[in-house]
Amino acid sequence: MSTPTVEQHSAALDAAEAGGVQLITVTLRIRRFNPEEHPEPVWVDYQLTLDPKERVLDALNKVKWEQDGTLTYRRSCAHGICGSDAMRINGRNRLACKTLIKDVNPEKPITIEAIKGLTVLKDLIVDMDPFFQAYKDVMPFLITNGNDPTRERLQSAEDRERFDDTTKCILCAACTSSCPVFWNDGQYFGPAAIVNAHRFIFDSRDEGAEQRLEILNDREGVWRCRTTFNCSEACPRGIEVTKAIQEVKRALVTRRF
Amino acid sequence: MPTDYTYTDSVVVPSAQAHTGQGLGTGNPADAFVVEPPRTRTKKTPRRTRTNFEMLAWLFMRLSGVVLVVLILGHLLIMLVLDGGVSKIGFAFVAGRWASPFWQGWDLLMLWLAMLHGANGMRTVINDYAEKDSTRFWLKTLMGAATVFTVLLGTLVIFTFDPNI
Chain A
-9 MSTPTVEQHS AALDAAEAGG VQLITVTLRI RRFNPEEHPE PVWVDYQLTL DPKERVLDAL
51 NKVKWEQDGT LTYRRSCAHG ICGSDAMRIN GRNRLACKTL IKDVNPEKPI TIEAIKGLTV
111 LKDLIVDMDP FFQAYKDVMP FLITNGNDPT RERLQSAEDR ERFDDTTKCI LCAACTSSCP
171 VFWNDGQYFG PAAIVNAHRF IFDSRDEGAE QRLEILNDRE GVWRCRTTFN CSEACPRGIE
231 VTKAIQEVKR ALVTRRF
Chain B
2 MPTDYTYTDS VVVPSAQAHT GQGLGTGNPA DAFVVEPPRT RTKKTPRRTR TNFEMLAWLF
62 MRLSGVVLVV LILGHLLIML VLDGGVSKIG FAFVAGRWAS PFWQGWDLLM LWLAMLHGAN
122 GMRTVINDYA EKDSTRFWLK TLMGAATVFT VLLGTLVIFT FDPNI
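Top line first, the protein sequences correspond to chains A and B. Residue numbers for the first sequence follow our numbering, so the first one is -9 and each next one is one higher. Residue numbers for the second sequence follow our numbering, so the first one is 2 and each next one is one higher.
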């Protein structure tokens, strides 16, 4: 009974491999940087044959495993949750693990470079410290006063819904590194930090909203936002980032007057 | 480990990212192409201000913008469209309008709001685009001086205007 099943299965696999999948030739144009080898960044082309339904991360893996082991990039979960592999693909910030080859015009070379505004350490790896410094500065943890309750801190479904959108952030830095104000001098808190402040400012269980609003009221805070919507467009989680920033602005205005 | 990748026609693209060229100062020749790490705390990092200045500036832009739409469109309508348009504008026409405190007030408000609105917008642009603190300071000083000069001169003219000169 079991033997025929296995045969059927492998027959189906063979069929898929033979005719179901159309492999195409793709050129990856990767902006490589290795300060020990070449003082300037260089664009390097890699030719690959792969299924257009595969992801850009699969293509990068193929390059690293089969063509050039020196190619360096971050990836961890490979399923759009860990936020490691944000990069600039064809000029737009995306997660390599959520971007299919067929969606980024594989007829032309696909350009891949590190996200902008942060120091490139090697190839596609940037120094994320300033990004996480801004994140830490907004105190992204529950702040409460008084004694701890003996049971859970309860919350109504409506109160939870209020900040639901900003809980989706995976800290990939796609938004912050797409923000032209952040590109300038990197002193602006950036969309990601504000999104994570929003997540607590509008949480009914949290009591630190005033402190966070005070931090974001400063010269490098929410008022530097120019509503260019680059962040909302870049977010791989579909968070309405600009809207969240505007809500923080509105909270500041209504609380101060 | 041999590096077997080839540079495509030795296409060397200089960094598209903003950098000051000063590098990190570690002696590495590649430093000039490295973006300096942002958000590092130095003695030069401005302290927290604890004021509402940025919020008030932001609010001012929104509110003055709404008022300016009315003031400027009204101004353009009177000066360019109604009653024969530009052909009627002359010393006598201006003198006639400024005889009324209403039009004096209109022009004064338009002058102040437009100049402050424009200056605040330019301040934002300078803050965003100037790379060095000293450049930023001098550009803002220059702009502030020009703004103060224009506003004061305009105000002086509106209040001391003599139709009989």
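Beta carbons: idealized from backbone N, C-alpha and C, even for Gly.
- Here B:G97 is exposed, its C-beta having fewer than 16 other C-beta atoms within 10 Å.
- Two segments are said to touch when three or more pairs of C-beta atoms, one from each, lie closer than 8 Å; by this definition the stretch 158 to 168 of chain A touches the stretch 183 to 203 of chain A.
- Rounded to whole angstroms, A:P139 and B:R51 show a C-alpha spacing of 33 Å.
- Residues of the stretch 164 to 194 of chain A that bring their beta carbon within less than 7 Å of a beta carbon in chain B comprise V171, W173, N174, D175, G176 and Q177, in sequence order.
- For A:V243, the C-beta contacts it makes with chain B under 8 Å involve M56 and L60, in order along the chain.
- Here B:S101 is exposed: its Cβ has fewer than 16 other Cβ atoms, across all protein chains shown, within 10 Å.
- Here DSSP, grouped into helix, strand and coil, assigns A:E223 to helix.
- At a cut-off of 8 Å between beta carbons, B:N53 contacts chain A.
- For B:L114, there is no enclosing beta strand (DSSP E); the enclosing alpha helix (DSSP H) covers residues P102 to Y130.
- Under the DSSP assignment, A:Q37 falls in the beta strand (DSSP E) whose first and last residues are V32 to L40.
- Judged by beta-carbon spacing, B:L77 lies beyond the 8 Å limit of B:L114, meaning their Cβ atoms are not closer than that value.
- Beta-carbon to beta-carbon, A:I105 and A:R19 are separated by about 16 Å, too far to satisfy the 8 Å threshold.
- The Cβ-Cβ distance between A:E197 and A:N135 falls below 8 Å.
- In this structure the stretch 78 to 92 of chain A does not touch the stretch 122 to 132 of chain A; the number of beta carbon pairs closer than 8 Å is below three.
- Fully contained in the stretch 129 to 156 of chain A are the following alpha helix (DSSP H) runs of length 4 or more, in chain order: 147 to 152.
- When DSSP states are grouped into helix, strand and coil, A:R246 belongs to the helix group.
- For A:I14, the enclosing beta strand (DSSP E) starts and ends at I14 to R22.
- Sequence-distant Cβ neighbours of B:A146 in its own chain, meaning closer than 7 Å and more than five residues away, do not exist here.
- Straight-line measurement puts the Cα of A:N207 at about 7 Å from the Cα of A:L242.
- For A:R195, no alpha helix (DSSP H) encloses it, and the DSSP letter there is neither H nor E.
- Between B:W107 and B:I159, the gap from beta carbon to beta carbon reaches 8 Å or more.
- Between A:Q145 and A:S194, the gap from beta carbon to beta carbon is short of 8 Å.
- Here A:L111 carries a strand assignment [DSSP, helix/strand/coil].
- Contact note: A:R141 does not reach chain B at a C-beta cutoff of 7 Å; the least C-beta distance is about 37 Å.
- The count of Cβ pairs closer than 8 Å, one atom from the stretch 63 to 75 of chain A and one from the stretch 84 to 95 of chain A, reaches three, so the stretches are in contact.
- Near chain B, meaning a CB-to-CB distance below 7 Å, the residues of the stretch 47 to 58 of chain A are D58.
- CA-to-CA, the gap between B:T156 and B:G86 works out to about 26 Å.
- The beta carbon of A:L108 is closer than 8 Å to those of V116, D117, M118, P120, F121, A163, S167 and G176 in its chain, skipping five residues each way along the sequence.
- The continuous alpha helix (DSSP H) containing B:I73 extends over residues F54 to L77.
- Counting other Cβ atoms within 10 Å of its Cβ, A:P226 reaches 16 or more and is therefore classed as buried.
- Rounded to whole angstroms, the gap between the alpha carbons of B:A131 and B:G66 is 25 Å.
- Assigned with DSSP and collapsed to three states, A:N186 falls in helix.
- Among the residues facing chain A, B:D129 is included, as its CB has a counterpart in that chain under 8 Å away.
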